[in-house]
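In UniProt numbering, the protein residues as written are 1 to 293.
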C-alpha cells in the first residue's frame, strides 16, 4: 500500500515497457501548478486513444510515482496516451479539491493532447480505488456542464460511496486488506463536511443516464466491492453500455501488485476491456458479474 510519501508495495520482476516517451508536466490547476505525467506508447496509430488517470490511495496517499509502473503497463497494453494526474490530497486539501484537479486535467488534455499524438475525440476517464470515484464524478460533471467530451469511464475496484452497510463490507470489512475502519478514516479526511454532493458520491447525481460507456472491474474480497457492483448495475439500468467484471478471490488493489501471480493475467484481461472501450464504446448492457479465479 502507499505511504504518505507515495511508495507502494508493487515489487516484482523488473520489466521493460515500450513507452516511447514520458513527459513530466506542470499545468495550471485550481490550486496552482498541477503535475501530470504523460506516457506516449509506441504505436502505428497516427492519433492514439487517451486515458486520463486518477490514482488510488484513499484520497490521502499515493502520487505519480506510486502508479508509474501501472500507467506504463496500461499505456503499452491499451496503446493509449496515458495522462496521470497528481491531484491534491486530503486532509490538507479536502473535497472537492481532488475532483476539481481531475476536471482541470481533463480540460487540459482535451485542448492539448493532440500535440502528443493523442486523439481528443477518444478520451477515457480512468481510476483505481479512490481514483475510480474521481473518474466517475468528473464524468458526471463534464456531462452536466457541457465540458470536454468523454468516450468512456474505466473503473478499477472503485470507491463509489461511503455506505458501510453493504454485503461486502459486512463480509470483508474486518481482517481483509483495506478494512472498513481504514475506509471510514479516509472518508473523514476527504469529506469532513459530509458527502451530500454528487462531486463526492456519484450515485447522488440526479441521473446516470447519458454517461459514457463504462468498464467496471471489482474484486470479491474488497469491502467496497458491493458498491462497485451496484454502480455497474445502475449504469446498465440507465441504459449505459457497461462491461462489468468481478474477480473472485482477489482483494482491493490487486492490479497494482505485479508480484502477485494472478495480477498480470487479470491486468491483461482488464486492458483488453479498456481497449475494447476505446475501439468501440457500445459494450453489452449488463449488470451480471464475471469471475476469475
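Virtual Cβ for every residue (Gly too), placed ideally from N, Cα, C.
Rounded distance between the beta-carbons of residue j and residue i, thought under 8 Å
i           : j           : result
residue 221 : residue 172 : 5 Å
residue 106 : residue 137 : Actually they do not touch by this definition, with Cβ atoms about 11 Å apart.
residue 128 : residue 49  : Their Cβ separation, rounded to whole angstroms, is 18 Å, which puts residue 128 and residue 49 out of contact at 8 Å.
residue 135 : residue 126 : 6 Å
residue 117 : residue 55  : Rounded, the Cβ-Cβ distance is 23 Å, inconsistent with contact.
residue 250 : residue 219 : 4 Å
residue 231 : residue 203 : 7 Å
residue 238 : residue 207 : 7 Å
residue 261 : residue 167 : Not quite, the Cβ-Cβ distance comes to about 27 Å (not below 8 Å), so this is no contact.
Sub-9 Å separation of residue i and residue j beta-carbons
i           : j           : result
residue 97  : residue 191 : no
residue 215 : residue 240 : no
residue 152 : residue 277 : yes
residue 247 : residue 254 : yes
residue 133 : residue 200 : yes
residue 60  : residue 110 : no
residue 273 : residue 217 : yes
residue 156 : residue 81  : no
residue 34  : residue 104 : yes
residue 177 : residue 67  : no
residue 263 : residue 223 : no
residue 123 : residue 51  : yes
residue 71  : residue 16  : no
residue 275 : residue 79  : yes
residue 140 : residue 47  : no
residue 57  : residue 189 : no
Which residues DSSP lists as bridging residue i, in chain order
i           : result
residue 125 : 52 and 153
residue 224 : DSSP lists no partner for residue 224.
residue 172 : None, per the DSSP bridge assignment.
residue 184 : BP columns for residue 184 are empty, so no partner.
residue 243 : 215
residue 118 : 48
residue 82  : 39 and 51
Backbone secondary structure at residue i - three-state DSSP
i           : result
residue 92  : coil
residue 190 : helix
residue 28  : strand
residue 20  : strand
residue 286 : Low per-residue confidence applies at residue 286: pLDDT is 44, beneath 50, and the placement is therefore not dependable enough to give any value.
residue 99  : helix
residue 218 : strand
residue 274 : helix
residue 11  : Unreliable positioning characterises residue 11 in this predicted model, as indicated by a pLDDT of 41, which lies under 50. A coordinate reading is not provided.
residue 261 : coil
residue 200 : coil
residue 87  : coil
residue 231 : helix
residue 58  : coil
residue 253 : coil
residue 39  : strand
residue 208 : coil
residue 34  : strand
residue 131 : helix
residue 140 : helix
residue 164 : coil
residue 63  : coil
residue 195 : coil
residue 179 : coil
residue 1   : Since pLDDT at residue 1 reaches only 45, below the 50 mark, its modelled position is unreliable, and the value read off the structure follows with that caveat. Correct three-state label for residue 1: coil.
residue 279 : helix
residue 248 : coil
residue 238 : coil
beta-carbon residue i near the ligand SAM non-hydrogen atom, thresh 8 Å
i          : result
residue 27 : As presented, the structure is devoid of all ligands, the ligand SAM included, so that no description of it is given.
Cβ contact (3+ pairs, closer than 8 Å) linking the segment 79 to 89 and the segment 160 to 178: No: the two stretches stay apart, fewer than three of their Cβ pairs being nearer than 8 Å.
Indicate whether the contact test is met: 3 or more Cβ pairs, each with one atom in the segment 31 to 44 and one in the segment 67 to 85, closer than 8 Å. At 8 Å Cβ cutoff, the stretches touch.
Is the segment 100 to 115 touching the segment 21 to 40 in the sense that three or more CB pairs, one from each, lie closer than 8 Å? A contact is defined here as three or more CB-CB pairs under 8 Å, and the segment 21 to 40 meets this definition with respect to the segment 100 to 115.
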